[in-house]
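Chains as they are written, first to last, in my numbering: chain A, 280 to 756; chain B, 3 to 484.
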Amino acid sequence: NVEAVGTPKRNIQLSNIVEEFAEGRRTSKVMHETPKKATVEEPKTPKSARGRPRKSTSTVVEEYKSTPKSATKLKLIRSGAIKPNVQARDAPVQISPDDQLAVARERLHVSAVPKSLPCREKEYSEIYNFLEGKIIDSCGGCMYVSGVPGTGKTATTTAVIRSLQVLAQEEEIPTFEFVEINGMRLTEPRQAYVHIYRQLTGKTLAWEQAYNLLDKRFTTKAPRRVTTVLLVDELDILCNRRQDVVYNLLNWPTVPSAQLVVITIANTMDLPERLLMGKISSRLGLTRLTFQPYNFRQLQEIVMARLTGTSAFDAEAVQLVARKVAAVSGDARRALDICRRATELAEEQSRKVDKFVSVSMGHVQKALGEMIASAKVQTIKCCSRMEQLFLQAVTAEVARTGIEECSFLGVYSQFEALAAFAGVTVPNPGRAIAICSRLGASRLLICENSRNDIYQKILLNISSDDVHYALQASSLI
Amino acid sequence: MDQAVQVISARYPCRKALIQKLYQLFGDGDPFPPAVYLYGHTSTGKSSILQAFLPLLDSSTTPTSWAILSAIECYTNKILFETILNRLTGHVPCAANAYASLASVDSMKDFVAQLARLSPSRSYIVVLENAERVRDMDHNVLPMLLRLPEVTGLNVCVLLVSDLPFEKYFVRTGLAPVVKLFVAEYSKKDILVILMNDFEAVREQLGMELESNKHANLSEEEIDKRLKIVEMLKPDFYENYLNIFLNVFFKVCRDLKELQLVALECFHKYCEPVLDGTIAADDVTRLWRNISKTMKLALGTIYMRMGNVNQELLRPATVDGQTSSESVEQMQTMKRLAQNLELPFYAKFLLIAAYLASHNAAKEDKRLFMKYHGKQKKRLQTVNAKAKVSEKMATQLGPKAFTIDRLLAIFYAILDEKVGLTCNLLAQISTLIHLKFLNFASGEGTIMDGSARLQCTVGMDFIVHIGKMVGFNVRQYLCDFF
């Protein structure tokens, strides 16, 4: 029984709604229609608003005037007749081609995706073969792509699709439609239907309607239907308790008339087994691809590929970045960000000495220090003396009791003893609570609300070795 | 302005330092501090001084709007924000505007936006009384209130008034700094000064009462004579009285409002012999002897605000002087309570049974309530148990929970006659629960399957009186009572 899971409870009768704008062709008619509707409705809105008497200040009057206008605008937006756009600048800032550091910085930007992704040729060809086969066979199918963040999953997939689109334009393969949704951009899993429908037709509907229309589109046979490629990024966000959205997205490809190819992307390798229901993971199939984290050679190659033609970077500087990042996560975005920061540091220096300075090991070292090193030791060093004493008291209390969680009362008695050793006057418990809450706000400690004052539980949020190290550095111990 | 401070200081004596501090913060044209936390005990004059102080600001160098509201009234954010806005702008929701507030403000964001629209040429003060309630509101309310000028760009100050020290307010994400103002308690001397201020009013009231209240047993010339004595009363006389009064009351109560009320009540009694002419106005020792008994009675009923009942109680206890009047008084009130409570006969027994079930250990039931309970072995443990200190006695530790089965068993054991277990009897148990003589310790929903546990909430004296009314000696059945 296919219908049972995904069917929404509110079933709208849509027998008379014909899918008329399926290809999004009749926009001119929409443009023509909507203003007419709006003029009909215009007198209506103030009438309904007048029912609620309000103080007639100028602001309220303004609201009245603006309501109908915005209502028509909203209608136009929902029908897809007007597109959202952003305010444009006068002219883009020009970068001189001989400013090596600026050019390098621009190329190193994470959003500047290169045409061909280095070190991902195997994955590229795998996705390419899969998609090409499905499009040529005009059948449906699923693929699951996984890998830790920053390993080029989305970039590779979209690159494949871009090249396929080029091929389709040259009429070497059948044409196909491409729809892309991202789980993180949805407020709710069911909004996925709305987004898919909007990308197919340009109209925004309520999710029930969008679901019904999509279901109709995919389950009914239509001549001259083209293949639809659906890219679902962040699949794990779409999984709620009922998992109806994921089920529908993965069930439509199994319908012969749908010609839907779904490529799902997520971070965890075992997501289908861990999170998805049996019938869903079985629909997801066994076509899977895992993107391994980059090793340092690959990271070096990625950065060098972006820097071809510039002499901004020393070779060993790039190697240092690659080795440091590969040891932690293998995230290419991280490596690129660190390189960018290093170019900024180099630029600063070159401005100071007034001649070109290439990015050297020293700059990279500094950038790594800024971006990788923990700020906690620095924070402790910059705490006031009493705060440092209080942190020390917490570590002493943890050492004394052997339990991680200690109460304020015990910490305060340690605090008194430490203050007596240090020869400073002890703040009263009220002040000590203020100190404690300051440390808690900077997340050096984890403490409760100060409402149950001396009985509040305190946890050290950093290792006690860090505290000792920082306090030794500030010569308190 | 300085003279305005003088005026308020005269109205609120012993608070000159606080008023000057407020003037420093708000009066002299500087930008206000973002937030001020004003704290001190109840009835130390925090709110009333603010109410007198804020109107003066508007006429001074900085034109100021202010809003005074209590955080208890604001049980949602919307009410809090809209009330603040309405009061700051002087907008009053009334029939003309269909009780709508200035603007519909649902969130903190809207509130800040609305505040930013206010005229920047004025200054604004928001006084939030009972500020401890702000901690129970949404998590962003307190941190945002403490930095309103920063987010609105206005010269606005939030004055939080509360009884608690500020240490109780810190939240896990930290708070902006606050100026803290402590209002100390009144000392004995301060209270004497404040109460002395009332002397003229008290004397007037005394005279008015004499004139209006035509005593049946007082003739015209008697009243005239008394009025003349009232006219002659000197501040010294009142001060002597207040000294005596404070000697008795200051140990137990420093709440000015309570002291004012009780001082007035007792003063009538204090004056009586003087008006009669039996004791001279300057004979302090005899007046003290005369009033001491009344004062001790009043001491027992302080904070109870009994009004007429209090008057009646304060009548000198001439009825029976066998024990100390205080304990007699307490016994009488408890007795009266027990007598006024009209419970059915079986309900009284049920209540007694509940008390016994709550205050006796279940293992003692066999010995206490069964006729043939076998021979009791005397063991060292029981001997030790007998030598309990008073703190460990079951009557002191508070009621224990019991099941309904045990309650009914004890009820049948202490009732001499045999009565059927009818629905009336069970309905009486539920009525006792409804009247809050019993309450659920656990298992509120499972009363029918017998796992619900009850507690008895009435005290020993009360139950002893109930026992006397039905002719049952409760103490005999309390294993811890000797």
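Where a beta carbon is used, it is the ideal one built from N, C-alpha and C, also for glycine.
Computed from a predicted model, the values in this text were never measured in an experiment.
Using DSSP bridges, identify the partner residues of B:Asn157.
Answer is B:Ser125.
Using DSSP with H/G/I as helix, E/B as strand and the rest coil, what is A:Asp512?
Looking at A:Asp512 - three-state DSSP - the assignment turns out to be strand.
Collapsed DSSP secondary structure at B:Met471 in the structure displayed
Of the three classes helix, strand and coil, the one that applies to B:Met471 here is helix, per DSSP.
Taking the alpha carbon of B:Val160 as the point to measure from, which residue in B:Arg288, B:Gly176, B:Tyr126 has its own alpha carbon closest?
B:Val160 has its Cα closest to that of B:Tyr126, out of B:Arg288, B:Gly176, B:Tyr126.
Within the 8 Å Cβ cut-off, does A:Ala701 reach chain B?
It does not: the Cβ of A:Ala701 has no partner Cβ on chain B nearer than 8 Å.
A:Ser345 burial status per 10 Å Cβ neighbour count (16 or more: buried):
Note that A:Ser345 scores 47 on pLDDT, short of 50, meaning its location in the model is unreliable; the coordinates nonetheless yield the value given after this. Answer is exposed; the Cβ neighbour count stays below 16.
Check B:Ser444 in the structure and name its three-state DSSP category.
DSSP places B:Ser444 in strand when its eight states are reduced to three.
Please name the residue in B:Ala118, B:Pro57, B:Leu166, B:Val129 whose C-alpha comes closest to that of B:Thr85.
Considering only alpha carbons, the answer is B:Val129.
A:Cys685 and A:Ile725 closer than 8 Å at C-beta
With a cutoff of 8 Å on beta-carbon distance, A:Cys685 and A:Ile725 are scored as not near each other.
For A:Arg730, go through chain B and note every residue whose CB falls closer than 7 Å to its CB, in chain order.
Those are Arg137, Lys170, listed as they occur along chain B.
Take A:Ser639 as the anchor and find which of A:Val607, A:Ile559, A:Ala654, A:Phe592 has the nearest alpha-carbon.
Taking A:Ser639 as reference, the option from A:Val607, A:Ile559, A:Ala654, A:Phe592 with the minimal CA-CA separation is A:Phe592.
Taking a cut of 9 Å between CB atoms, which residues from the segment 156 to 185 of chain B lie near chain A?
Against chain A - using a Cβ distance shorter than 9 Å - the residues of the segment 156 to 185 of chain B are Pro167, Phe168, Glu169, Lys170, Tyr171, Phe172, Val173, Arg174, Thr175, Gly176, Leu177.
Quick one: list the residues of chain B neighbouring A:Ser686, beta-carbon separation under 9 Å, in chain order.
Under the 9 Å cutoff, chain B gives no residues; its nearest Cβ is about 16 Å from A:Ser686.
Among all the DSSP beta bridges, which residues are the ones paired with A:Phe457?
A:Phe457 is bridged by DSSP to A:Val508.
Taking DSSP's pairing of strands, which residues face A:Cys685 in a bridge?
Under DSSP, A:Cys685 takes part in a beta bridge, and its partners are A:Ile737.
With a threshold of 8 Å on Cβ separation, who are the neighbours of A:Met556 within its own chain once the five nearest residues in sequence on each side are excluded?
The answer, listed in chain order, is Gln522, Tyr526.
Within 10 Å of its beta-carbon, does A:Pro371 have 16 or more other beta-carbons around it, so buried, or fewer, so exposed?
With a 10 Å radius around the Cβ and a threshold of 16 neighbouring Cβ atoms, A:Pro371 comes out exposed.
Taking buried to mean at least 16 other C-beta atoms within 10 Å of its own C-beta, is B:Cys481 buried or exposed?
B:Cys481 counts as buried, since at least 16 other C-beta atoms from the protein chains shown sit within 10 angstroms of its C-beta.
Would you check if the segment 158 to 175 of chain B and the segment 701 to 715 of chain A touch, i.e. whether three or more CB-CB distances between them fall below 8 Å?
Remark: three or more beta-carbon pairs, one from each stretch, lie closer than 8 Å, so the segment 701 to 715 of chain A and the segment 158 to 175 of chain B are flagged as touching.
Which of helix, strand or coil DSSP assigns to A:Arg679
Secondary structure of A:Arg679 (DSSP, three-state): helix.
Who are the neighbours of A:Ile712 on chain B, taking C-beta pairs under 7 Å?
By Cβ distance, chain B contributes Glu169, Phe172.
Rounded Cβ spacing between B:Leu229 and B:Leu212 (contact assumed at less than 8 Å):
Indeed, because the Cβ distance is near 6 Å, the residues count as touching under 8 Å.
Are any of the Cβ atoms in chain B nearer than 8 Å to that of A:Ser349?
No, because no Cβ of chain B sits closer than 8 Å to the Cβ of A:Ser349.
For a contact meaning CB atoms closer than 8 Å, what does A:Ser590 contact in chain B?
None at all; the shortest Cβ gap to chain B is about 48 Å.
Please report how far the alpha carbon of A:Arg758 lies from the alpha carbon of A:Ala471, in whole angstroms.
Any question about residue 758 of chain A goes unanswered here, given that chain A covers just 280 to 756.
A:Asp716 classed as buried or exposed, judged by whether at least 16 other C-beta atoms fall within 10 angstroms:
It should be pointed out that residue 716 of chain A corresponds to Ser in this sequence rather than to Asp. The residue is buried, with at least 16 neighbouring Cβ atoms inside 10 Å.
Contact check, B:Leu27 vs B:Phe34 under 8 Å by CB: the rounded distance?
With 8 Å as the limit, B:Leu27 and B:Phe34 qualify as a contact, their Cβ atoms being about 7 Å apart.
DSSP three-state label for B:Phe184, please.
Looking at B:Phe184 - three-state DSSP - the assignment turns out to be strand.
Going by the CB atoms, is the gap between B:Val264 and B:Ile231 shorter than 8 Å?
No, these two residues do not count as a Cβ contact at 8 Å.
Keeping to the same chain, check which residues put their C-beta closer than 7 Å to that of A:Pro376; ignore five residues upstream and five downstream.
Contacts found: Val382.
Taking the alpha-carbon of A:Ser729 as reference, which of B:Val173, B:Phe113, B:Glu344, B:Met450 has the nearest alpha-carbon?
Nearest option by C-alpha distance: B:Val173.
Just checking, does the segment 183 to 203 of chain B make contact with the segment 268 to 276 of chain B on the three C-beta pairs under 8 Å criterion?
In short, these stretches do not touch, since the Cβ pair count stays below three.
Could you check which residue in B:Ile281, B:His361, B:Glu344, B:Leu434 has the C-alpha nearest to that of B:Leu353?
Residue B:Leu434 is the option with its Cα nearest to B:Leu353.
Proximity below 8 Å, CB of B:Phe2 to CB of B:Leu235
This structure cannot speak to residue 2 of chain B, because chain B is shown only from 3 to 484.
Establish whether the CB of A:Ser812 and some CB of chain B are separated by less than 8 Å.
There is no way to answer for residue 812 of chain A, as the model of chain A reaches only from 280 to 756.
In chain order, which beta strand (DSSP E) runs of at least 3 residues are fully inside the segment 511 to 556 of chain A?
Restricting attention to beta strand (DSSP E) runs no shorter than 3 residues, the segment 511 to 556 of chain A encloses them at 539 to 545, ordered along the chain.
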